[in-house]
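There are 2 protein chains.
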Amino acid sequence: MLKLAILGFLYDRPLHGYELRRHLVALTGHIRPISDGTLYPAIKRLEADGLLTRETEPGTVAAPRHTLHLTPAGRAALFDWLRAPEDLDISDENRWFTVLAFLRHLDAPADQAAVLRRRLAFLSEPASFFYEGTRPLRAEDITDPFRSGVLLVARATSQAEITWLHDTLALLETT
Amino acid sequence: MLKLAILGFLYDRPLHGYELRRHLVALTGHIRPISDGTLYPAIKRLEADGLLTRETEPGTVAAPRHTLHLTPAGRAALFDWLRAPEDLDISDENRWFTVLAFLRHLDAPADQAAVLRRRLAFLSEPASFFYEGTRPLRAEDITDPFRSGVLLVARATSQAEITWLHDTLALLETT
DNA sequence: CCGATATACCTCGGGGTCGAGGTATTGTCG
DNA sequence: CGACAATACCTCGACCCCGAGGTATATCGG
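Protein chains in written order, with UniProt numbering: chain C, 1 to 175; chain G, 1 to 175.
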């Protein structure tokens with residue numbers, strides 16, 4: 001997740017940790033803040049896996065900076081992930097948004113469309129949120145205003161996204 | 001998160017682990033599946049903290065069941081959490097939905113309204129998802145269809161939820 | 001009566017995340 | 001000139017989650 005967001009940002013241009021952090025904060029930070037204790041070990045792991053290299057430059061503003069460059073293996077890992085996201089990347093909105101943020105890096109519109117279709121399939125599945133004993137509750141049966149809020153918002157979200165998915169899939173097919 | 005969902009479900013009625021699991025799967029399982037290796041240790045932790053007790057009953061259908069009962073301390077912990085959710089519970093949609101699923105357990109409408117207002121404040125904050133170098137990008141500046149999809153869906157979601165929040169807050173004030 | 005399935009629970013290792021804390025440099029304001 | 005903020009990076013322990021695997025009982029079809 002974090003791992004792939006890092007690769008995605010570095011694909012555009014080499015960054016040093018602090019800049020990378022700003023990008024990550026913009027992408028998901030308002031939802032779920034990202035701490036140094038998460039970011040720097042993640043960078044180390046990626047370096048250890050050979051997906052990126054660090055080049056130390058004398059600090060232009062402050063302490064010496066480690067500019068991070070994606071390796072060919074790093075680019076390959078990014079493409080692999082984008083072509084075949086895990087189920088969690090499809091179902092969890094936060095992760096899904098991260099996939100979308102970098103999906104343009106895939107060059108084949110057919111590959112992009114395939115990913116969008118997986119999300120569409122997921123959103124089209126009926127989901128029941130609540131149970132009364134063993135019986136799943138329908139939206140109409142729920143009297144609690146907060147729980148019906150959950151259903152209302154969830155449905156509005158899927159509707160908006162399904163519409164967008166159809167539009168974008170149509171657009172990809174004309175390409 | 002999981003912890004509080006467990007307390008929330010047990011508040012309604014005592015359940016054994018397997019039933020609890022079904023409830024949890026219905027609530028968030030289609031987004032993010034919950035594994036045994038997560039659930040049972042969580043139950044153990046709650047028991048160790050004195051928030052629930054386990055009563056072993058001879059299995060009615062299969063293996064002996066451990067029926068889980070909320071203790072007074074468990075009920076108190078649930079109320080504390082609902083009255084003052086963490087920032088992450090407010091900002092992360094998955095967690096927020098869990099808060100909403102159990103918010104009816106608070107008996108004071110003023111307390112419920114205060115929680116809804118925190119979510120409203122969060123959704124009203126302007127958020128920029130993407131940067132070009134150091135400059136935050138506006139929705140109009142984004143040409144990538146996938147990234148503009150992120151913005152479009154995010155905006156549709158907040159709009160729907162803001163409307164619902166206003167309606168529900170009005171409803172709570174008449175009570 | 002055998003195997004499959006559903007019920008029901010548990011452990012363990014690997015791995016990721018977090019917050020708290022630490023180090024060091026440069027620029028800015030009073 | 002001294003304090004402070006911003007830049008820039010790093011470590012550590014605590015904690016939580018996950019998947020893989022294991023145990024055991026009841027029921028039902030063939």
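Every residue gets a Cβ at the ideal spot worked out from N, C-alpha and C, and that includes glycine. All values reported here derive from a predicted model rather than from experimental measurement.
Using a beta-carbon distance below 8 Å, is residue 210 of chain G in contact with chain C?
There is no way to answer for residue 210 of chain G, as the model of chain G reaches only from 1 to 175.
Cβ-based neighbour list, leucine 172 of chain C, same chain, cut-off 7 Å, excluding 5 preceding and 5 following
Pro109, Gln112 and Ala113
Pull up the distance between the alpha-carbon of tyrosine 11 of chain G and that of isoleucine 43 of chain G, whole angstroms please.
14 Å
Hey, out of C/Val25, C/Arg147, C/Ala127 and C/Met1, whose CA is closest to leucine 46 of chain C's CA?
C/Met1
For tryptophan 96 of chain G, which residues from the same chain have a beta carbon less than 7 Å from its beta carbon, with the 5 sequence-adjacent residues on both sides left out?
Asp89, Ile90 and Arg119
Please determine if the stretch 148 to 163 of chain C and the stretch 64 to 80 of chain G are in contact, where contact requires at least 3 C-beta pairs separated by less than 8 Å.
no
Proximity test, isoleucine 90 of chain C beta-carbon vs the ligand ZN heavy atom, cut-off 7 Å
Here there are no bound small molecules, and the ligand ZN is not part of this structure.
Cut-off 7 Å between Cβ atoms - residues of its own chain near leucine 5 of chain C, not counting five sequence neighbours on either side:
With the sequence shown as reference, residue 5 of chain C is identified as alanine, and leucine is not the correct amino acid for it. Same-chain partners within the cutoff: Leu24, Leu27 and Thr98.
Check each residue of the stretch 19 to 30 of chain G: if its Cβ is closer than 7 Å to any Cβ of chain C, include it; give the result in chain order.
Arg22, His23, Ala26, Leu27 and His30
Return yes when the Cβ of leucine 100 of chain C is within less than 8 Å of the Cβ of arginine 13 of chain G, no when it is not.
no
Does any residue of chain C have a CB that is nearer than 8 Å to the CB of phenylalanine 146 of chain G?
yes
Considering only DSSP beta bridges, list what histidine 30 of chain C is partnered with.
Bridge partners of histidine 30 of chain C: none, in fact.
For leucine 15 of chain G, tell me which candidate among G/Ala76, G/Phe129, G/Arg104 and G/Glu57 has the shortest Cα-Cα distance.
G/Glu57
Please state the DSSP three-state secondary structure of threonine 38 of chain C.
helix
Between the stretch 146 to 173 of chain C and chain G, which residues of the former have a C-beta closer than 7 Å to a C-beta of the latter?
Phe146, Arg147, Gly149, Val150, Leu152, Val153, Ala156, Thr157, Ala160, Glu161, Trp164, Thr168 and Leu171
What does leucine 15 of chain G pair with, by DSSP beta-bridge criteria?
G/Leu68
Bridge partner(s) assigned by DSSP for glutamate 57 of chain G:
G/Arg65
In angstroms with no decimal places, state the Cα-to-Cα distance between threonine 168 of chain C and arginine 32 of chain G.
26 Å
Mind checking who leucine 52 of chain G pairs with in its DSSP beta bridge?
G/Leu70
Beta carbons nearer than 7 Å to chain C: which residues of the stretch 81 to 93 of chain G have them?
Leu88, Ser91, Asp92 and Glu93
Counting only C-beta atoms, is tyrosine 11 of chain G closer than 8 Å to chain C at any point?
no
Contacts of phenylalanine 130 of chain C in chain G (Cβ-Cβ under 9 Å)
His23, Ala26, Leu27 and Ala101
Helix, strand or coil: how does DSSP classify leucine 106 of chain C here?
coil
Using only the alpha-carbon positions, how far apart do aspartate 102 of chain G and leucine 116 of chain G sit?
Residue 102 of chain G is actually phenylalanine in this sequence, not aspartate. Their backbone Cα atoms lie some 13 Å apart in a straight line.
Limits of the alpha helix (DSSP H) - the one that proline 126 of chain C falls within:
Element bounds for proline 126 of chain C: n/a, residue is neither H nor E.
Which residue wins for smallest C-alpha separation from tyrosine 40 of chain C, given the options C/Ser158, C/Arg21, C/Ile162 and C/Gln159?
C/Arg21
Can you tell me whether proline 85 of chain C is helix, strand or coil according to DSSP?
coil
Are any of the Cβ atoms in chain G nearer than 8 Å to that of phenylalanine 97 of chain C?
yes
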